[in-house]
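K.L.:
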């Protein structure tokens, strides 16, 4: 957060607000993961020390952009995303199991939480990486604040032994978050996840 604030022209008060927000969101992420670990029967300490990234988005929607996409369809290349969405301007859409996009209507006082690619690999396919996009529905300015729990700082992303058995064989080869992030930035995967390339037994096309 200090690095983030150093890139902005903010007052001491604004800096303290941002730092306080980041700490609270980090605590929330850890609470979510502790409950998730307990539910899945794994050690919640596995998530200790995982870094978070903080991003503020500002969309300049105009009459010319109404109906177009502000953000193309994608899944997040992280474990967990906590989104403080604009409470007055909609536009976020998520893909359901049928492949249709469903709008996420703004609801004041709430946060949007979704899993990313790292969660899918770590959970051995049990957690779904949510594909989503942002659509311009009106000519206005739209804000959002996204907090991302990335993945292991050191060591590979891989399913813990508790999530692998004869009925649930290991699906993905171990990989680091940094290597996966670089792969996602290649032209091939800019608008989709690259998890299929991480499968131990890739599906034939």
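Numbering (full-length UniProt numbering), first residue to last: 1 to 205. Glycine included, every Cβ here is placed at the ideal spot set by N, Cα and C.
(1) Have a look at residue 9 and residue 145 and give me their C-alpha separation to the nearest angstrom.
(2) Determine the contact status of residue 157 and residue 122, defining contact as a CB-CB distance below 9 Å.
(3) Use the C-beta contact count for residue 86: other C-beta atoms within 10 angstroms, 16 or more gives buried, fewer gives exposed.
(4) If residue 149 sits next to residue 172, beta carbons under 8 Å apart, how far is it from one beta carbon to the other, in whole angstroms?
(5) In whole angstroms, what is the alpha-carbon distance linking residue 205 and residue 159?
(6) Would you grab the beta carbon distance between residue 58 and residue 143 for me? Rounded to a whole angstrom, and I think it's under 8 Å.
(7) Quick check on the DSSP output: the beta strand (DSSP E) that includes residue 93 runs from which residue to which?
(8) So what's residue 20 in DSSP terms, helix, strand or just coil?
(9) Looking at the structure shown, is residue 81 part of a helix, part of a strand, or coil, going by DSSP?
(10) Return yes when the Cβ of residue 137 is within less than 9 Å of the Cβ of residue 66, no when it is not.
(11) Could you check which residue in 30, 80, 112, 139 has the C-alpha nearest to that of residue 94?
(12) Could you tell me whether the stretch 73-87 touches the stretch 23-40, using the rule of 3 or more Cβ pairs below 8 Å?
(13) Quick check for students: name the residue ranges of the beta strand (DSSP E) that lie wholly in the UniProt domain "Fe2OG dioxygenase" (49-152), counting only runs of 3 or more.
P.N.:
Considering the structure as presented:
(1) In the chain shown, the residue the question calls residue 9 occupies position 9. In the chain shown, the residue the question calls residue 145 occupies position 145. Approximately 17 Å between the Cα atoms of the pair.
(2) Counting from one through the chain shown, the residue named residue 157 turns up at place 157. Counting from one through the chain shown, the residue named residue 122 turns up at place 122. Contact: yes.
(3) Position 86 of the chain shown holds residue 86. Buried, since its Cβ has 16 or more Cβ neighbours within 10 Å.
(4) Within the chain shown, residue 149 is the residue found at index 149, counting from 1. Within the chain shown, residue 172 is the residue found at index 172, counting from 1. Contact flag wrong, Cβ pair sits at about 18 Å.
(5) Taking the chain shown and counting its residues from 1, the one referred to as residue 205 is at position 205. Taking the chain shown and counting its residues from 1, the one referred to as residue 159 is at position 159. Confidence is the limiting factor: at residue 205 the pLDDT is only 48, short of 50, which leaves the residue's position unreliable, though a coordinate-based value still follows. So the alpha carbons of these two residues sit roughly 25 Å apart.
(6) Translated into the one-based positions of the chain shown, residue 58 becomes position 58. Translated into the one-based positions of the chain shown, residue 143 becomes position 143. Sure, about 6 Å apart at Cβ, within 8 Å.
(7) Numbered from its first residue, the chain shown carries residue 93 at position 93. Its beta strand (DSSP E) spans residues 92-95.
(8) Here residue 20 refers to the residue found at position 20 when the chain shown is read from its first residue. Looking at residue 20 - three-state DSSP - the assignment turns out to be helix.
(9) For the purposes of this step, residue 81 is identified with residue 81 of the chain shown, where counting begins at 1. In the structure shown, residue 81 sits in a strand (DSSP, three-state: E or B).
(10) By one-based count along the chain shown, residue 66 stands at place 66. By one-based count along the chain shown, residue 137 stands at place 137. Against a cut-off of 9 Å, the Cβ pair of residue 137 and residue 66 comes out as a contact.
(11) On the chain shown, residue 94 is found 94 positions in, with the first residue counted as 1. The candidate whose alpha carbon is nearest that of residue 94 is 112.
(12) yes
(13) 52-60, 69-74, 80-84, 92-95, 101-103, 112-115, 132-135, 141-149
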